[in-house]
Amino acid sequence: MAHKVATTYIIDVSPSMEVKQEGVDITCFQQSINAVAGLIQDKLLVGRKTDMISIILAGTEGTDNSLVPKNSEEPSAYEHITTIQRIDVPDNELVRKLLNTTASKHSLTDVLSALILAENDMDNHCGKLKYVKKIILFTDAESETDWSDIGHIQERLAAHKTELIVIIAGYTESDTSNFSETKADNIKHFRTLAEADYVDIIPMKDAVDMLSTFKVKTVNPTPVFRGELLLGDAAAHPLESLSVPVFMYARTYEAKLPTAKKWSALSDTHAGEQALTHDVGKEVSYKIKGSNKQANGATEQGNINSYDLEHAYPFGKSLVVITAEDEKFMKIETKAGMFILGFLSASSIPRDYLMSNVYVILPRPADNMVASATISSLARALYEQNAYALVRYVAKENQQPKLGVLVPYFEPNIDALHFIRVPFAEDIRQFPFAPLDVVTLPNGKEVTDHKLLPSKELEDAMDAFVASMELPKEPDGSASFSPEKIFNPAVWRLNEAIKQRSLNKAAPIPELHSALKMQMEPLPIMMDVARDKITKLTETAGVKKVNAKEGKKRRYGKGVQSEEPIAPIQDIVRNEEESLKKYKVKQVEDADMELDERPGSIMNNLSNVREVGAIDPIKDFRAMIDKEGDFIEEAVQQMSDRIEQLVKESFADQYFEKAKECLQELREQCKKFEEGVQYNDLCRRLKVLCDPSNPQSQRLDFWKLMIKDNITLLSKDESADVDVSQEEQAQFLTDIRTQPTQKTEEADVPMEEKEDELSADNLLDMLE
Amino acid sequence: MSNSWNQPNEDDEDELFKTEEVDDYSNHDSILMVIDASPPMLQPQENGEIPLQSALECVKSVLLSKAFSSPSDSVGVLVYGTRSKQNDAGHDHIYILQNMDSPDAPRIKEIESLAANISGFEEEYGSVADEFPLGNVFWTASNIFSLSTKKKGSRRIFLITNEDNPHSTDISLRNAAIRRAKDLLEVGIRIELFGIDKPDHTFNNESFYSSIIESDEAIKTAERDSAFQTPVEAPKSSGKLADLLQSIRRKQIKKRSEFRIPLHLNDELTIGVVGYALVREQVRSSYQKVLVTGEQVKEVDSVVTWKCVDTDQLLLPTDIKFYYNVGSEPIVFTKDELDTIRNFGEPGIRIIGFMDQNHVQEYWNITHAYFIYPNEYEYHGSTRTFTALLRSTVKSKKAILCSIIRRTNALPKIAVLLPQEEALDKQGVQVRPPGFHVIIMPYADDIRPVPVDRLPTEATDEQIDAAKAFVEKLALKGRFDPLVYENPFLQRHYAGLQAAALEHPIEAVVDKTMPRNEAIFKRIGNEIQAFNEIVQRSSAASQPSQYNQLDDEVELHWREQTLNQCTVPILKQWLLNKGLAAKGRKADLMAQVDQYLKAHTQS
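Protein chains in written order, with UniProt numbering: chain A, 1 to 768; chain B, 1 to 603.
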């Protein structure tokens, strides 16, 4: 359980705080404000309701605090102190308010009064409840302060176990020579306070440095396993077995980026009275795979309830239905525990077999001497014999067993065991790889002198390079690298983006912090030192980047399948889709030989698209339109051909949806570029193709799609190059005769508005 | 917490950014099992095993494993040396049992029944010693592949025979067979030979098959020259029938790469590498939702639609933004902005520097390792440069610190490359391939401190020595071999599925991960007892812990049959401490305690 935390920040707003310290480009006041704002933002990111703060400004012109009654005329020691936030959970508004605070024009500050106020408020808020209490004071100690109550505050801080941190601008522990008289006196008193071990003085420079280091979100330790570490059968042979009560905690655990929630951008169009939630609702419906809702009517969809569904596992090409009842029989019963199977020499477990995050096993808490002594003995014995224990681990009754090793681990005063998973037989993939020390020639001869193998010269150059790029070492000679010093750049950037955007809705995504960027790259200084070795190695290695085209040829050099006749569209689409899927997944890893066979349109950079392919015609089409030079007519022509082909060659309704989307896109673009003639021609050809007057037409479904989405001709109002009236436009879809209808006299019926309202149902009715 | 153990994949993409790993078409694997069914294959071996029967068992095993693990792969079965024939060209003595197709229950059952009743096989198909052109077998095989609808991916023939010298007297038939076999290789169909010894004769590759194998090698070398990396495993087979299944199992998994990315040794020199996951948790295949109406089983797609709660409108992907709730306000980003946040540049591995291997701690681990091998295709000279790096780091015992972006949109990671030399077993089969293991490091954000400052006690030398005594005596010999430990959970699932599909009773699964308690007792019982006594003696003076008190209290009440005097929190805590899921009302908890204590105090 997390402790409740109450933190009060006191900021001295005296005019003297408006000074810039040497080497700092913002004032002490601004530094303090930024520091507090940063600390609050960190708390907001974590979002604990139990972590409360309060902010007090000392030296304000006005007065607003709990020790001075409102509108009081009587002089008080607590004047010129403003509480801008009573102890409470912070929000973004507070941060914005804080950042808009300005320093005072007059020197009115008495930091000790502010301190007493803070302590008093905190005591009132926390009372006897268990809180971690902290007061952090930012000051330059330049204001005259009445220190007569110093004994009082000392007593109260001690009595209430409240920690105090005083952050003083322009302060160093050693050099006090150039302090003003006031400052020297104030610092003397602060030092008196700091004699208690719950009070600390930190120079502002150090505090700012500390705050700017990367922080890790702390997680409250929760055991993932409470049970026994067992060796032998505790029931059958209680004396001749080990049964140690242990708790196990995560030692490494991936801190993932938090998942963002969905936010509806459409909410803003809603002109309601109620406050907008921007919530996004999820609706899941089911449909039979391969079925088409249009083709089979709307009935099939929505009729399937999730509770009617059963689970089936693929078994070859068949599906095996396993009922919930069956599923029970497919599980094994297991007992919880960490069972030692035996001991292995550490070297017999290759490092790459460690396949999970790491857990630490500790004796069950409290003063369990036997458990503690046993774990410690085991850890020491394993360490001295350079061995690991192989274990079967079951977290809870009837959960899956895991295989793992126990690795001894030591810290001062801690002897423990780490648990890391190792693979089962099924987790191992024994892929064979060609040896890298010999090359087998076509005549079966094995040689070691070959262009695929390094020459002596290359080996030497590599040795020199490796030696010159040694990582920096600690004074004791060990490498200084530790993952504990490397921070996840993605976590930092997301948090930073959130912080910035919480203050400014238009804030851009921040660049990566230079320190985080540097940790991913070799130190420039190392590269400089190793430069001549690097150059030598590069020369000797003679590596050449393969240009994509050459590589393609080389890779699939046999050319057996290259002279295939032009494939029917099904194949093109399928092949392209497969390739594209792959392409999306692997993108730059496009080296599987199958990929070579994919048609050029995908490989090509979009800017070079010269053809509307079958796989993503819309993308190709747009790319062609966007290209420099006039390709629009050509693009429209190709797109038209492609749509016609899709409709013609579709097996049942296989490509209708795709063709429809293409047609919609084509319509949009033709409207935009006034290429209505070509588009309308296509529509008429499609009408002939679909033959809506024939109820047996195989392509009737496509026509229905066009009706449903109201994909009709372009009228002369939409594209100036055509001569189609709005009425003709409106009738095109409803009139099932394939000949273009005669124009009627009443051309100015306001159809345009009506057009959108025509529902598919009405049109379907008309059809039938 | 413990649920996280069951998550199928620890990939770093959250749902929003997930790119599916598609076991797609181009990864397709087709295997044609070609089995010699001539009379020598029906000759029982010394132990009574019939080679043909074992071969059919292997076919079944291949079919089963494909059915479970990669249902889209195809398997075909051809037998030769039969009396009957069944093939398009009408060649004698060649019988296609099953054309190239995905395995399913009827096909598995068919092979199963043949294997179970080998005399039935003889009656049905016959087995004749007549000499007929072996070339026709290869020709038919190539025909089967060309008729298959799935022409892509890897295409392999698994040839099982105990005749190492076919057409020993007819040179023209012999040459024709070799030519046909080479034709297969020409079109990219590879032959894996599984030769079986005859009782009086050891299978000799040199007699005949080396002429095919040799050209096979040449192909592989040629492939490697053009840097298409394929296994160049010497086609060694032990010849022992008992090893047949094992070696077929080893071969049937198709090598699949995870990434192909550049490796930047420094700012001037870049080579290509291809990455694999040699160790990764195998989880059971996920189920599909189906609608069962009578006999019909229909697969069901779920269609997810998003709706704006305020306006009740359907949302297009472009209408959806994303937010984090921070400081009780939504902080909104577009999808593109979130992508930008996650984008850290092009995929690749960048070497940061070198350090001693022994500096790398075991607990610097967060997930499974990857393995990288040179990829000549992107950069000529990658193999030699990679090999030089490998040799140099092996020699100097260095590990390589690097950063890695595995693929587009993957988050950057810090990793350590550990060099590995090739290692072969006694038969010359590769057990450890040459290359680098990529050990992904945790970030500081992922490392949690040990949650205590100090433990109550440290072991004394006497205790350590006593512990060493049993550690030493229970040492498992040799290299840790994961192949010994099948995942009992997975095996049970497979067995259940197989039973349901083939309408068999469910086969019992042996759980090899259970501790062998009696053996442990016999081997180190005395040493453990001695250790326990020493620990008890030195700890006797110390206070009993609250947990021991808890144990004592609950157990006392149990013995006195006054368990109902214990409070629910106490019972729950006690059960939790025993690793039991404490669920239900007080009566349930009491029953659980009772059950546990009964089981543990008997015997």
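Beta carbons are placed, not taken as given, at the ideal position from N, Cα and C, and that holds for glycine.
- By the rule that beta-carbons nearer than 8 Å mark a contact, Asn-92/A touches chain B.
- Around the beta-carbon of Val-304/B, fewer than 16 other beta-carbon atoms lie within 10 Å, marking it exposed.
- Closest in C-alpha terms to Lys-456/A, from the list Ser-396/B, Thr-385/B and Pro-412/B, comes Thr-385/B.
- At a cut-off of 8 Å between C-beta atoms, Trp-306/B counts as an interface residue with respect to chain A.
- In the DSSP assignment, Asn-365/B falls outside any alpha helix (DSSP H) and carries neither an H nor an E.
- Here Phe-702/A carries a helix assignment [DSSP, helix/strand/coil].
- Taking each of Val-450/B, Tyr-324/B and Val-300/B in turn and checking the Cα distance to Tyr-313/A, the smallest one comes out for Val-300/B.
- A Cβ-Cβ distance of about 7 Å is found for the pair Pro-221/A and Arg-448/B, placing them in contact under the 8 Å criterion.
- Among the residues of chain A, none has a CB under 9 Å from the CB of Phe-203/B; the nearest is roughly 19 Å distant.
- CA-to-CA, the gap between Gln-21/A and Ile-11/A works out to about 17 Å.
- Relative to the Cα of Arg-492/B, the nearest Cα in the group Leu-512/A, Thr-334/A and Ala-389/A belongs to Thr-334/A.
- Contact between the stretch 509 to 520 of chain B and the stretch 481 to 497 of chain B is present, with at least three C-beta pairs closer than 8 Å.
- At least one CB of chain A lies nearer than 8 Å to the CB of Ser-102/B.
- A Cβ-Cβ contact shorter than 8 Å links Glu-384/A with Ile-464/B.
- At a C-beta separation below 9 Å, Arg-86/A has no neighbours in chain B, since its nearest C-beta there lies roughly 17 Å away.
- Taking C-alpha positions only, Ser-377/A is separated from Asp-200/A by approximately 41 Å.
- For Ile-40/A, the uninterrupted alpha helix (DSSP H) segment begins and ends at 28 to 46.
- A check of alpha carbon separations from Leu-52/B across Asp-356/B, Asp-481/B, Tyr-80/B and Ser-382/B identifies Tyr-80/B as the nearest.
- Residue contact with chain A for Asn-577/B: present (Cβ-Cβ distance below 8 Å to some residue of chain A).
- In this structure the stretch 81 to 97 of chain B does not touch the stretch 258 to 267 of chain B; the number of beta carbon pairs closer than 8 Å is below three.
- Around the beta-carbon of Glu-163/B, 16 or more other beta-carbon atoms lie within 10 Å, marking it buried.
- Contact annotation: in the stretch 282 to 299 of chain B, residues whose CB is within less than 7 Å of a CB in chain A are Gln-282, Ser-285, Tyr-287, Gln-288, Lys-289, Val-290, Leu-291, Val-292, Val-297, Lys-298 and Glu-299.
- For Gly-613/A, there are no neighbours in chain B by C-beta distance under 8 Å, as the nearest C-beta there is about 18 Å away.
- Taken in chain order, the complete beta strand (DSSP E) segments of 3 residues or longer contained in the stretch 135 to 218 of chain B are 154 to 161 and 189 to 195.
- Excluding the 5 residues flanking it on each side, Gly-353/B has same chain C-beta neighbours closer than 6 Å at Leu-401, in chain order.
- With fewer than 16 neighbouring CB atoms inside 10 Å of its own CB, Pro-505/B falls in the exposed class.
- Taking all protein chains in view, the Cβ of Ile-525/A is surrounded by fewer than 16 other Cβ atoms within 10 Å, so the residue is classified as exposed.
- DSSP lists Leu-32/B as the bridge partner or partners of Gly-76/B.
- For Met-204/A and Ala-169/A, the gap between their C-alpha atoms comes out near 5 Å.
- The contact set of Asp-594/B on chain A, defined by CB atoms closer than 9 Å, is empty, because the minimum CB distance reaches about 15 Å.
- Taken in chain order, the unbroken stretches of beta strand (DSSP E) that lie wholly in the stretch 272 to 313 of chain B and span 3 residues or more are 288 to 293 and 296 to 308.
- For Ile-304/A, the secondary structure class from DSSP, reduced to helix, strand or coil, is coil.
- With contact defined as three or more Cβ pairs closer than 8 Å, the stretch 430 to 444 of chain B and the stretch 470 to 488 of chain A are in contact.
- For Gly-353/B, the closest Cβ of chain A is nearer than 8 Å.
- Counting along the chain, Asn-99/B sits inside no alpha helix (DSSP H); it lies in the beta strand (DSSP E) bounded by residues 94 to 101.
- In this structure, Tyr-363/B lies near Tyr-409/A, with their beta-carbon atoms less than 8 Å apart.
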